[in-house]
DNA sequence: CTAACTTCGTGCGTATACGCATGAAAACCG
DNA sequence: CGGTTTTCATGCGTATACGCACGAAGTTAG
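Residue numbers (my numbering), protein chains in the order written: chain A, 359 to 509; chain B, 359 to 509.
Structure, rendered in structure tokens:
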């Protein structure tokens, strides 16, 4: 018999994919994918980042981030420059066009956020965020723990 | 200022990707990916399914499921047959080898399930499952609603 | 009965996820 | 100071996600 613990991975996957599909659908008219939105949102939150820092914050794989940056730079939404002090690195920042589009995308995402809220019992969205943060932290920590144990 | 509602999509993404990475890592020694495990688990839950039904239950895109089935059939873990009554369809079922491997994978996934449980406050895992189900259901429903509105 | 519509699996193209490998630059350590 | 290790971005290969298109088969409606 399936316990809640056994069900969780599949349910988490289902929820995430549903969100992803909805977002892709919503952002398609702006020629932006859900994950590109995530990248833009991460950049919008502060000053220029190195690609590695950007990948850490999303969090995504650096190879994937690189591929996405190539696309977004081509669209004129982000710009990469050589790093001021580290010749190995490049900085990434939103262009004015990218900033402008982000604002539109944020608005476009509002119905989704509202829909999620409406699908949940009142007052539980904070609980859900907190619990998901625990899961994300708990699962990300273990990779490091394994490495530490081995070394 | 970011409210819980605004944070939820990113946190959901982070939690899901962390789970996905962990699972991929755990199942790699069996030459199975996290998503292939999802497919095997879906099949293991009952009798043979058509590809469409399998895609609906995972839930995944039919094209993706097809590609995955090609790989898994090649590995001898699943078998596809012509449907007994519908010439358009094929049925998919686990092979004895696939069933056997699934049992091993289920065991291999135990530390992850335990880790998730340990990362959460005691007694909250059921809440999390329930809330995620709401999100998944609420987001999947809307696609249909949009279509109904349009037509 | 037949045309129109729906469903099935397949395949293509594009985007993303990630491991692995590489060369260059930076940091570390004796 | 110089050898070693780490970090950076890049690129390749494989897997997955999904929209779109297509031909074949099944269903529906007049």
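Built from N, CA and C at the ideal position, the CB exists for glycine as well.
| Proximity to residue 438 of chain A [Cα-Cα], best of A/446, A/450 and A/432 | Walking along the first chain from the start, residue 438 of chain A turns up at place 80. Per the Cα distances, A/450.
| Using 8 Å as the threshold, is the segment 390 to 399 of chain A in touch with the segment 488 to 496 of chain B, meaning 3 or more CB pairs across them? | no
| task | Return the chain-ordered list of same chain residues with a C-beta closer than 6 Å to the C-beta of residue 374 of chain B, the five sequence neighbours on each side being excluded. | result | Within the second chain, residue 374 of chain B is the residue found at index 16, counting from 1. Excluding residues up to 5 positions away in sequence, nothing lies with its Cβ nearer than 6 Å to the Cβ of residue 374 of chain B in the same chain.
| task | Could you tell me whether the segment 472 to 479 of chain B touches the segment 450 to 459 of chain B, using the rule of 3 or more Cβ pairs below 8 Å? | result | no
| 7 Å Cβ cutoff, residue 498 of chain B in contact with chain A | For the purposes of this step, residue 498 of chain B is identified with residue 140 of the second chain, where counting begins at 1. It does; some Cβ of chain A falls within 7 Å.
| task | List the DSSP bridge partners of residue 451 of chain B. | result | The residue given as residue 451 of chain B occupies position 93 in the second chain. Answer is B/437.
| task | Using a Cβ cut-off of 7 Å (strictly closer), state whether residue 428 of chain A contacts chain B. | result | In the first chain, the residue the question calls residue 428 of chain A occupies position 70. Output row for residue 428 of chain A: interface = no.
| message | Whole angstroms are fine: how far does the CA of residue 368 of chain B sit from the CA of residue 362 of chain B? | response | The residue given as residue 362 of chain B occupies position 4 in the second chain. The residue given as residue 368 of chain B occupies position 10 in the second chain. Taking the straight line joining both Cα atoms gives about 10 Å.
| Where do the N-terminal and C-terminal ends of the alpha helix (DSSP H) with residue 403 of chain A fall, by residue? | Taking the first chain and counting its residues from 1, one reaches residue 403 of chain A at position 45. Per DSSP, residue 403 of chain A belongs to no alpha helix (DSSP H) and is neither H nor E.
| said: Pairs of beta-carbons, one from the segment 415 to 433 of chain A and one from the segment 462 to 469 of chain A, closer than 8 Å: are there three or more? | reply: no
| Quick one: what's got a C-beta closer than 8 Å to residue 441 of chain B's C-beta in the same chain, skipping five residues either side? | Reading the second chain from its first residue, position 83 is the one you call residue 441 of chain B. The answer, listed in chain order, is 408, 447, 448 and 449.
| said: Please tell me whether residue 493 of chain B has its Cβ less than 7 Å away from any Cβ of chain A. | reply: Numbered from 1 along the second chain, position 135 holds the residue referred to as residue 493 of chain B. Closer than 7 Å: yes.
| task | Would you mind reading off the limits of the alpha helix (DSSP H) that contains residue 423 of chain A? | result | Within the first chain, numbered from 1, the residue matching residue 423 of chain A stands at position 65. Segment 420 to 432, the alpha helix (DSSP H) holding residue 423 of chain A.
| query | Is it right to say residue 422 of chain A is buried, meaning 16 or more other beta carbons lie within 10 angstroms of its own, or is it exposed? | reply | Mapped onto the first chain, residue 422 of chain A falls at position 64. By the 10 Å Cβ count, residue 422 of chain A comes out exposed.
| Residues in its own chain within less than 8 Å of residue 385 of chain A by CB, not counting five upstream and five downstream? | Along the first chain, one-based indexing puts residue 385 of chain A at 27. Excluding residues within five positions, the ones whose Cβ falls inside 8 Å are 391, 392, 394, 395, 463, 466 and 467.
| task | Check each residue of the segment 474 to 488 of chain A: if its Cβ is closer than 9 Å to any Cβ of chain B, include it; give the result in chain order. | result | 474, 475, 476, 477, 478, 479, 482, 483, 484, 485, 486, 487 and 488
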